[in-house]
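Single-structure report; data block below.
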């Protein structure tokens, strides 16, 4: 069965939705698109015509940075309304996906279990029940998913993974493609253009969650051994079932990307997809050091995120920063101030071999629908991914 | 660590851990907005369901879809719908009635106070 470009690909472990559940999810998708395309752009008009002039009148100068803009905007009713609507859309999104997963919970658990026994694609799954979930994931439920990535309510739970896969599709309003794989596919496209002679043999995806970005690596490099790690067992169980269902041989293990059990120099490509902003300053340093240790000479590490604030004006940075304060993303703000060259050097890389780039989205079909801005509630809307990394 | 509950006996967590930001000066406004959008969502779900019904009925040849748009309610049907809407509005506007209605007056009468003192 070929994926249709207007809907999520219904592989065997994707939760099914009743007609009403589907309609509820479709409403959230439309609601988010309406906010991103109709309501959100006018926050800038409100800023330019009301908030900024008022600030200038009071202070005798324009706001200096995104923080001053945020404080000024917090008192504006249009901004308050947009923010409250956006936060509500996020909560409704999780709820709309949770309901259908809760209804077919037992079936999803047993289907995933069956796939992990049959292993039609030959992948593996290693869980570590003693792994300590890092505080940056237990202190808040990242992007408001109730229970976060890691919470297991029942034995062999896969619910957080099943909810996440459907919610990511709705969150991105389909812009990650029918397989939710645009971030991985875009990174691969960038890599092939930048390092045309590079054919990785051992690939590691950090914080792989449902492996939606991992699978395209196996598809593009079928001879490579592809590995994925995550701290969350229910994500990995779901990811394993999903990979096996899709025929992608991926080796998954429950590990913290800060301290991995692989041998020195054992990978030639290490990637992460919108992982870094969900960690911490210390964790990021540890992750970069691990990447240096694990890469063989000539190997490449690439982290994909939304664009760094240094490359945008203060207003755009303020809008993209919305998630830090309103969507349970505490490290979002600081992670957007990372200096890739400095981070590479600190980890042992030659800073002259560090890089950063804007990689165009690989998913052409969704391009026309994009809002072409990076903004709260619509991280896929830009049509580009920001990536940075280094070659060892 | 997972407990031993099976999905039949378990519930998924319904709220995310972390502080919910307050956007408006009055937190009630944030709650009302969330309720309005939840209701808007349910109306949309009903609208989709109705649309499905009309399309299925049309596809099965039981009814031409345009007949629904051309339907003229009779005097009796109009009267029934009028009555239903009055009842419907009285449910929705119950809170307004509280200040002026004859049942459950929103005041503290001597009779009410006497009972309260007694209990």
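Residue numbers (my numbering), protein chains in the order written: chain G, 20 to 411; chain H, 28 to 146.
We treat Cβ as the ideally placed atom computed from N, Cα and C, and that holds for glycine.
Asked	Found
Boundaries (first-last residue) of the alpha helix (DSSP H) holding residue 123 (chain G)	Unbroken run through residue 123 (chain G): none, as it is neither H nor E.
Complete beta strand (DSSP E) runs within the stretch 295-363 of chain G (minimum length 3 residues, chain order)	314-324
Short Cβ contact (7 Å threshold) for residue 165 (chain G) with residue 58 (chain H)	no
Counterpart residues of residue 273 (chain G) in DSSP-defined beta bridges	G:249
Own chain residues within Cβ distance below 7 Å of residue 47 (chain G), not counting five before or after	108, 111, 112, 115 and 189
Close beta carbons around residue 378 (chain G), own chain, < 6 Å, minus the five adjacent residues each side	205, 209, 404 and 406
Nearest candidate by alpha-carbon position, reference residue 96 (chain H), set H:46, H:78, H:73 and H:143	H:78
Nearest candidate by alpha-carbon position, reference residue 279 (chain G), set G:63, G:306 and G:291	G:306
Proximal chain G residues relative to residue 41 (chain H), where beta-carbon distance stays under 7 Å	165
Closest Cα partner of residue 363 (chain G) within the set G:355, G:170, G:375 and G:352	G:375
For residue 90 (chain G), the first and last residue of its enclosing alpha helix (DSSP H)	85-92
Three-way DSSP call (helix, strand, coil) for residue 162 (chain G) in this model	helix
According to DSSP, residues forming a beta bridge with residue 289 (chain G)	G:223 and G:320
Inter-residue CB distance, residue 34 (chain G) and residue 120 (chain G) (contact presumed, cutoff 8 Å)	5 Å
Supposed contact pair residue 221 (chain G) and residue 244 (chain G) - C-beta distance, whole angstroms, cut 8 Å	5 Å
Where residue 194 (chain G) sits in the DSSP three-state scheme	coil
Reduced DSSP secondary structure (H/G/I, E/B, other) of residue 218 (chain G)	coil
Backbone CA spacing between residue 46 (chain H) and residue 126 (chain G) [nearest angstrom]	33 Å
Paired residues, beta bridge with residue 183 (chain G) - DSSP	Answer is none; residue 183 (chain G) lacks a bridge partner.
Inter-residue Cα distance where the pair is residue 323 (chain G) and residue 99 (chain H)	59 Å
Separation of residue 54 (chain H) from residue 200 (chain G), as counted between CA atoms	39 Å
Residue 311 (chain G) vs residue 247 (chain G) beta-carbon contact at 7 Å	no
CB of residue 75 (chain H) within 7 Å of CB of residue 186 (chain G), strictly	no
First through last residue of the beta strand (DSSP E) which encompasses residue 412 (chain G)	Since the displayed chain G opens at 20 and closes at 411, residue 412 (chain G) lies outside it and no answer follows.
Status (buried if at least 16 other CB within 10 Å, exposed otherwise) for residue 202 (chain G)	buried
Opposing strand residues paired with residue 408 (chain G) [DSSP bridges]	G:321 and G:374
Straight-line Cα distance separating residue 342 (chain G) from residue 293 (chain G)	13 Å
Closest residue to residue 228 (chain G) among G:207, G:235, G:212 and G:254 (Cα-Cα distance)	G:254
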